[in-house]
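**Q** Residue numbers for the sequence shown follow my numbering, so the first one is 1 and each next one is one higher.
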Amino acid sequence: MIDKRELLDKSRERNLTLGMIEKDYVLGWMLFGFGKIKGLTFKGGTALSKVYFPRLWRLSEDLDFVFEDDFNIIAVELAEIFDRIWRSSGIKLILKAQHSNPDYLQLKVQYDAVLGKNWIKIDVTREAPIDRILSRKLSQRYSDYPSFKVRVETLEEMGAEKIRALVERKKCRDYYDVWQLTKLTMNKVRLKTLLGKKFQYKGIEFKGLDDMFPSDLLEILEGYWERELARLVYPVPEMKKMISDVRNHLKFLEKSI
């Protein structure tokens, strides 16, 4: 396990709280353990932060995976995973709550690390990846991280997933992630194809950008913007301009999905 001095250095480097930096550190060790489950594929904002853009992306507070097999496989392996993480890092883990239905599994895990006890949420969705699966090395952002690879969705599939999320919910971090993604060079034709499949899977009829940017969007986000994003990134971008930029970048979607 790293010491508090290393947490302090990372906290100053990113201008974020010690607690948030510690959680980011623990997330990497959680991936070390859960990444050994065959068929479990990493996705979401934490994948963008931990695998693709470790120095650019916001931090995250949970882990998101897709899994096509029986969720009981994960439950059966938990004790071994927790023991493996503890033996390798010194971080103690306890399962505090588990919720599931046929298509979704959520685990709330308490960890005891450098600063004491806190918790992490793990979300697993039963949804087959629609693009190829990659094997990528985790960024070794902390000094005691071992070198290992995880199964992860492609950048384009995660982009499609994030854009779909703008229709399904209105969360500040989703708009932030899409804003960051629009700065990258991605194949728009391929992205639209993947997004169309994502909409089809969820039975979503996409009518246009107003589905993602309703007239009251700024009012919906305003009360959460600083509170939600300031924990994860510094500086926090100005909301109105960022939302406008995202909408402008997504105009290509209206030409038909």
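A virtual CB, placed ideally from N, CA and C, is assigned to each residue, including glycine.
Would you check if the region 148-155 and the region 26-42 touch, i.e. whether three or more CB-CB distances between them fall below 8 Å?
**A** Taking a cut-off of 8 Å for Cβ pairs, the region 26-42 and the region 148-155 touch, as three or more such pairs fall below it.
**Q** Residue 69 by DSSP, collapsed to three states: which one?
**A** For the purposes of this step, residue 69 is taken as residue 69 along the sequence shown, with counting starting at 1. Coil.
**Q** Express the C-alpha separation of residue 165 and residue 239 in angstroms, rounding to a whole number.
**A** Residue mapping note: residue 239 aligns to position 239 of the sequence shown, counting from 1. Residue mapping note: residue 165 aligns to position 165 of the sequence shown, counting from 1. Approximately 18 Å, taken between the alpha carbons.
**Q** Would you mind stating whether residue 149 and residue 139 have Cβ atoms separated by less than 8 Å?
**A** For this step, residue 149 is matched to residue 149 along the sequence shown. For this step, residue 139 is matched to residue 139 along the sequence shown. Going by C-beta atoms, residue 149 is not nearer than 8 Å to residue 139.
**Q** Just to confirm my understanding: we take residue 96, look at its own chain, exclude 5 residues before and 5 after, and list those with CB closer than 6 Å. What are they?
**A** As a first step, residue 96 must be located in the sequence shown, where it is residue number 96. Within the same chain, residue 96 has close Cβ partners 108, 110.
**Q** To the nearest angstrom, report how far apart residue 116 and residue 247 are at their CA atoms.
**A** Position 116 of the sequence shown, counting from 1, holds the residue named residue 116. Position 247 of the sequence shown, counting from 1, holds the residue named residue 247. Rounded to whole angstroms, residue 116 to residue 247 spans 42 Å at the Cα level.
**Q** Pop quiz: residue 232 and residue 58 are said to be a contact at Cβ under 8 Å. What is the actual Cβ separation, rounded to whole angstroms?
**A** The sequence position of residue 232 within the sequence shown is 232, counting from 1. The sequence position of residue 58 within the sequence shown is 58, counting from 1. Contact flag correct, Cβ pair sits at about 4 Å.
**Q** Can residue 2 and residue 62 be called in contact, C-beta distance under 8 Å?
**A** The residue given as residue 2 occupies position 2 in the sequence shown. The residue given as residue 62 occupies position 62 in the sequence shown. No, the Cβ-Cβ distance between residue 2 and residue 62 is not below 8 Å.
**Q** Can you give the Cα-Cα distance for residue 73 and residue 202, rounded to whole angstroms?
**A** Here residue 73 is taken as the residue at index 73 of the sequence shown, counted from 1. Here residue 202 is taken as the residue at index 202 of the sequence shown, counted from 1. C-alpha separation (whole angstroms): 25 Å.
**Q** Hey, out of 91, 123, 93, whose CA is closest to residue 104's CA?
**A** Position 104 of the sequence shown, counted from the first residue, corresponds to residue 104. Per the Cα distances, 123.
**Q** Would residue 108 pass as an interface residue toward chain B - the criterion being a Cβ-Cβ separation below 8 Å?
**A** Note that chain B does not occur in the displayed structure, where there is just one protein chain.
**Q** Extract the residue ranges of the alpha helix (DSSP H) inside the region 50-133, only unbroken runs of 4 or more that lie entirely within it.
**A** 71-89
**Q** Mind checking residue 21: buried by the 16 CB within 10 Å criterion, or exposed?
**A** Reading the sequence shown from its first residue, position 21 is the one you call residue 21. Classification for residue 21: buried.
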